[in-house]
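Residues in the sequence shown are numbered consecutively from 1075, following this note's numbering.
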Amino acid sequence: MRLMTLGLMAIEQGWWAHTAGRFGLVLAVTLVFAALGHLVRGVTRSGAVAGAIVCFALFAGAGPGGFAALLTVFALTWAATRFGLSRKQRLGTAERGEGRTAAQVLANIGVAATCSVFFAALDAPVLLLAMVAALAEAAADTVSSECGQALSGNARLITTFERVPAGTDGGITLAGTLSGAVAATLVSTVTVIAGILPSRRLSIVTLAGVLGMLIDSLLGALCERRGWVGNDAVNFTGTAFAAVIAATFADLVS
1075 MRLMTLGLMA
1085 IEQGWWAHTA
1095 GRFGLVLAVT
1105 LVFAALGHLV
1115 RGVTRSGAVA
1125 GAIVCFALFA
1135 GAGPGGFAAL
1145 LTVFALTWAA
1155 TRFGLSRKQR
1165 LGTAERGEGR
1175 TAAQVLANIG
1185 VAATCSVFFA
1195 ALDAPVLLLA
1205 MVAALAEAAA
1215 DTVSSECGQA
1225 LSGNARLITT
1235 FERVPAGTDG
1245 GITLAGTLSG
1255 AVAATLVSTV
1265 TVIAGILPSR
1275 RLSIVTLAGV
1285 LGMLIDSLLG
1295 ALCERRGWVG
1305 NDAVNFTGTA
1315 FAAVIAATFA
1325 DLVS
């Protein structure tokens, strides 16, 4: 773990600091990331383009640590989507096999990418907290939903706690919620290991990610089930809430 941290710090302090080398690295990693994402059916062609954009924004703005966090989100959500796939197919809740579209990618990662860009422009550390919290929420939301459907036959509506079929908008399960919390913790921990966040900030960004996940479920129950908004709008709002929560309460952890 310490070797990884030292390695990432060396990159940032060495040739990473040179503009030409930095741009070349970011561009190369972005293209490879987008291509691999499409190759493993994590994203569609349009999703790969959107993935390249958010990857470039996160890597260019937050450095290797930003990319490491994004890679963690992708790995967790890709694995969770395929976990218990046969069961989810029987339930009719499995995601489409071709991967996420551009709209879905931007709905989940757009807030984090925006925070990264503004961090690079303004050099405001609070935006790094917001970025990480948004990424933690994106991972937590997908992992909780996918694992909940794979491990639980029924869910409970977050507003009334009545039993609903797995996969129902606004439905939550204990297994899914715990899985989502673990995912948020993993994403946040990666950013601490990478050196872009101090360890004392781990709890606040993780908590913000989990709260954003619950807000996502609440919006799903109150708005999405009624057809007022779509899933992409709910996902975007969940990540935005997580970012705002982390930025607002950052000073509570000195």
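Virtual Cβ for every residue (Gly too), placed ideally from N, Cα, C.
### Query
In terms of DSSP beta bridges, what is Arg-1237 paired with?
Arg-1230
#### Entry: Selection from Ala-1320, Val-1185, Arg-1275 and Ala-1198 that minimises the alpha carbon distance to Leu-1285
Ala-1320
### Message
Classify Thr-1251: buried if its beta carbon has 16 or more other beta carbons within 10 angstroms, exposed otherwise.
### Response
buried
### Query
By how many angstroms is the C-alpha of Leu-1296 removed from the C-alpha of Gly-1244?
8 Å
### Query
Roughly how many angstroms lie between the CA atoms of Gly-1158 and Phe-1133, to the nearest whole one?
32 Å
### the region 1203-1211 / the region 1173-1191 touching (three or more Cβ pairs under 8 Å)
yes
### Query
When the distance is taken between beta carbons, is Val-1217 closer than 8 Å to Ala-1317?
no
### Task
Confirm, please, whether the CB-CB distance from Val-1147 to Leu-1209 is below 8 Å.
yes
### Query
By the 10 Å Cβ neighbour count, where 16 or more other Cβ atoms means buried, how is Asn-1309 classified, buried or exposed?
buried
### Task
Could you check which residue in Gly-1269, Pro-1239, Ile-1246 and Val-1100 has the C-alpha nearest to that of Val-1128?
Val-1100
### Message
Between Ala-1108, Gly-1137, Arg-1300 and Met-1287, which has its C-alpha nearest Arg-1096's C-alpha?
### Response
Gly-1137
### Task
Would you identify the three-state DSSP class for Val-1117, choosing helix, strand or coil?
strand
### Query
What is the DSSP secondary structure of Ile-1278, reduced to helix, strand or coil?
helix
### Query
In angstroms, rounded to a whole number, what distance separates the CA positions of Thr-1311 and Ala-1282?
13 Å
### Task
Under 7 Å Cβ to Cβ from Gly-1125, same chain only, skipping five residues before and after it: list those, please.
Phe-1107, Ala-1108, Gly-1111, Val-1117 and Val-1179
### Query
Leu-1145 to Ala-1198, Cα distance in whole Å?
23 Å
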